[in-house]
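Everything below concerns the one structure shown next.
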Amino acid sequence: MIRIAVCDDDELYITKTIKPLLMKAQKVVGIQIDVKFFTNGVRLLEEYNNHQYYDIVILDIDMPDINGKELAARLRELDKDLYIAFLSAYKEEVYDVIPLNISAFIPKEYDRDKCLNECVKLLKKYTDEKPEQKMFGVLQNGESAIIRLCIDSILVIRLVNNVVVITTENGDLTSSDRSLRNLENELSPLGFFKICSNILVNANKVYEVLETEVVLKNGAHLPVSRRRRKELLTVLSRIISAKVTT
188 MIRIAVCDDD
198 ELYITKTIKP
208 LLMKAQKVVG
218 IQIDVKFFTN
228 GVRLLEEYNN
238 HQYYDIVILD
248 IDMPDINGKE
258 LAARLRELDK
268 DLYIAFLSAY
278 KEEVYDVIPL
288 NISAFIPKEY
298 DRDKCLNECV
308 KLLKKYTDEK
318 PEQKMFGVLQ
328 NGESAIIRLC
338 IDSILVIRLV
348 NNVVVITTEN
358 GDLTSSDRSL
368 RNLENELSPL
378 GFFKICSNIL
388 VNANKVYEVL
398 ETEVVLKNGA
408 HLPVSRRRRK
418 ELLTVLSRII
428 SAKVTT
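In this text, residue positions in the sequence shown follow the numbering used here: the first is 188, and each later residue adds one.
Structure (structure tokens):
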């Protein structure tokens with residue numbers, strides 16, 4: 188599921204044009220999207236400041252309070268991996284937004300087929316370039332937040348004193364919305380393996396399997412049960428074989 192925010196102060200354009208175009212584009216690409224519409228850039232920025240993140244934002248350039256270019260720059264500071272697209276009736280605007288690392292430019296005044304094509308290209312670009320990501324509910328400074336994590340950045344997930352701790356390449360996060368069992372069911376198809384009753388490891392991050400321990404690529408040592416060790420070796424063998432044949 189791709190989370191998209193669209194911000195345009197023209198409610199009629201949202202209802203009659205961009206919303207149906209995005210609904211059609213998702214069918215063409217064969218994916219599912221979850222779209223939230225804003226008519227005020229300040230409100231969208233507030234959501235980001237409250238840790239509500241999106242995969243793609245589509246912004247009208249000419250808006251009151253905060254224009255699309257300024258809003259894009261502020262959002263880029265909060266999320267460097269965000270895909271940003273602009274809506275505009277003025278073709279020359281495309282040259283002014285190049286420094287903002289824009290993923291697409293959707294012209295408002297062109298025919299619907301051309302606009303649909305741009306929406307399709309944007310969704311395809313995202314799905315082709317983005318690594319597997321998921322949204323996680325976590326606690327930050329004692330408050331609940333929703334963040335987007337690249338699956339490959341997760342090293343290990345542990346149950347510590349009945350609290351689920353997600354260890355990433357950037358540090359530890361406390362899960363607020365999933366149990367270890369839920370995460371095991373959700374992440375097992377993506378290469379995660381339960382090496383003992385309270386530890387779920389990203390098999391792609393395993394460097395070495397010892398008799399009673401697993402060593403991760405970052406040097407961390409984790410306990411592994413005898414039964415799970417044998418199963419883990421089988422999983423790692425499959426991962427290596429898959430990499431060799433692709």
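Every residue gets a Cβ at the ideal spot worked out from N, C-alpha and C, and that includes glycine.
Asked	Found
Residue 203 to residue 210 span [Cα, whole Å]	12 Å
Residue 272 classed as buried or exposed, judged by whether at least 16 other C-beta atoms fall within 10 angstroms	buried
Those residues which DSSP pairs with residue 359 across a bridge	354
Whole-number beta carbon distance between residue 247 and residue 274, since they are thought to touch under 8 Å	5 Å
Continuous alpha helix (DSSP H) assignments of at least 4 residues falling wholly in the stretch 210-270	228-236 and 255-265
Cβ contact (3+ pairs, closer than 8 Å) linking the stretch 358-376 and the stretch 394-412	no
Distance between beta carbons of residue 415 and residue 392, contact taken as under 8 Å	The Cβ separation is near 16 Å, so there is no contact.
Length of the line joining the Cα atoms of residue 371 and residue 379	7 Å
Helix, strand or coil at residue 349 [DSSP, three-state]	coil
Inter-stretch contact at 8 Å, needing at least 3 Cβ pairs: the stretch 287-304 / the stretch 223-242	no
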